[in-house]
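Written out below as structure tokens is the structure these notes cover.
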Amino acid sequence: MGAIVNCVAYRQGKRLGTVGMEEIPKVLAVPGTFVWLGLHEPELALLRQAQQAFGLHDLAVEDATNAHQRPKLEAYGDSVFVVLNTAQLVQDEVVVGETHLFVGPNYVVSVRHGASSTYAPVRERCEHDPHGLANGPGYVLYALMDFVVDHYLPIVTRLEDNFEALEQGIFRDEFDRAAIQRLYQVKRQVLRLRNAVSPVEDMCGQLIRLHEELVPKELRAYFRDIEDHASRLVRTLDVVREMLTTAVQVNLALVTVGQNEVVKRLAGWGAILAIPTVVFSLYGMNFDFMPELKVHYAYPAVIGVTAVACGALWRRLHRAGWI
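The sequence shown begins at -13 in this note's numbering and counts up one residue at a time.
In structure tokens:
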């Protein structure tokens, strides 16, 4: 069941108090006032109620209802609709949720779906910074985006740690199916997280360049900071992904080299065994006219020659590194 987490009015950087949905139009009629409505997995009826109160666009409401959107930023007149992917670690697996943000000149509507942390710390942070909050809904948008991006960092660090833990099982000349499977899982999580982080860079650029009414000059440095943070995370994830790919390739190369060594040794011993095989099979034939059969020392001589030939071949192969 969807629920209203909080609905608070602000003016000139100060909290005025909680307001009901039916009071929102009256509150917004006062100049300099904006309302921040927080929703958690709301039903369509509640979203429609919010749409009537704030004048939200139909397409944006439809996207927020479906809750399976890629990260994006869309402009509807003087308002924007932002979709962010949130991420959490659940039993060492990256679980992705969504946050939908409706931001207009005098309102912010935050909608959480799936794996995401409560935004109570963000609201508290904003309310403890009246100077920043005086910039209006744009500052709340910054605080929410910054909160989401900051929560990516510990997940990236954990993925790096997981890769380092797998290195010992990967960089050896034997095939470890479990390690390779785990490596693939980590790589998939890295890609999933990168897909969540990378669009944030472009979003911040668009907000700075194209939406001066929501992001005034005083807030541009804040959004550039988020952009830089997201860019560094993307670069880190790209490095981790490249290392994961290289690790798989190196493991396969080591396994191939190990197999080649085994084949070389088998081939070397096969060549050595070929000498007595040929000699003994020759003398094992039941022919009557074989002069060596009548020689008194023929048997030890054949054994000796065979042993010397095998020994000489073994020595040569050993020097060549085949045995």
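The beta carbon of each residue, even a glycine, is placed where N, CA and C say it ideally should be.
All figures in this text were calculated on a predicted structure; none of them were measured in a lab.
- Look at the segment 52 to 78 and you find these whole runs of beta strand (DSSP E), each 3 residues long or longer: 58 to 62, 65 to 76.
- Under the DSSP assignment, Asn(-8) falls in the beta strand (DSSP E) whose first and last residues are -11 to -3.
- In chain order, Pro57 place their CB closer than 6 Å to the CB of Pro185, counting only its own chain and leaving out the 5 sequence neighbours on each side.
- Around the Cβ of Val249, a 10 Å sphere holds fewer than 16 other Cβ atoms; the residue is exposed.
- Taken atom to atom, the span from the alpha-carbon of Gly297 to that of Gln171 is near 51 Å.
- For Val236, the uninterrupted alpha helix (DSSP H) run begins and ends at 203 to 269, by DSSP.
- Put simply, the backbone Cα of Asn237 is about 6 Å away from that of Ile156.
- Beyond the five residues adjoining it in sequence on each side, Leu303 comes within less than 8 Å, by CB distance, of Gly254, Ala257, Ile258, Ile309 in the same chain, given in chain order.
- Within the DSSP secondary-structure output, Arg1 pairs in a beta bridge with Tyr(-4).
- By the CB criterion at 7 Å, Val226 and Glu146 fall inside the cutoff.
- Counting only runs of 4 or more residues that sit fully inside the segment 13 to 57, the alpha helix (DSSP H) segments are 30 to 40, 44 to 52, in chain order.
- Taking Glu199 as the centre and dropping the five residues before and after it, the same chain places the C-beta of Asp64, Pro91 closer than 7 Å to its C-beta, in chain order.
- If you look at Val281, you'll find it isn't in any beta strand (DSSP E); DSSP assigns it neither H nor E.
- Taking all protein chains shown into account, Gly24 has 16 or more neighbouring C-beta atoms within 10 Å of its C-beta and is therefore buried.
- The beta carbons of Val16 and Val5 sit no closer together than 7 Å.
- The C-alpha of Glu150 is placed about 43 Å away from the C-alpha of Lys203.
- Per DSSP, reduced to three states, the secondary structure at Thr143 is helical.
- Between the segment 118 to 138 and the segment 101 to 109 there are three or more C-beta pairs closer than 8 Å, enough to call the two in contact.
- In the three-state DSSP reduction, Glu153 falls in the helix class (H, G or I).
- DSSP places Glu187 within a helical segment (H, G or I) once states are collapsed to three.
- A Cβ-Cβ distance of about 28 Å is found for the pair Arg34 and Gly18, leaving them out of contact under the 8 Å criterion.
- If you check the CB distance, Met189 and Leu59 come in under 7 Å.
- Under the three-state reduction of DSSP, Leu87 is assigned to strand.
- Less than 7 Å separates the beta-carbon of Leu30 from that of Thr51.
- Burial state of Leu139 is exposed, judged by a 10 Å Cβ sphere holding fewer than 16 other Cβ atoms.
- The alpha-carbon of Phe266 is positioned some 53 Å away from that of Arg168.
- For the set Glu213, Asp214, Ile166, Asp211, the Cα lying nearest the Cα of Thr231 is the one of Ile166.
- Secondary structure at His114: coil, using DSSP grouped into helix, strand and coil.
- Of the candidates Asn71, Phe88, Thr72, Val94, the residue whose Cα lies closest to the Cα of Ala46 is Phe88.
- Asn148 has its alpha-carbon roughly 43 Å from the corresponding atom of His43.
- Within its own chain, the residues whose Cβ lies closer than 8 Å to the Cβ of Ser217, once the five positions on either side in sequence are excluded, are Glu187, listed in chain order.
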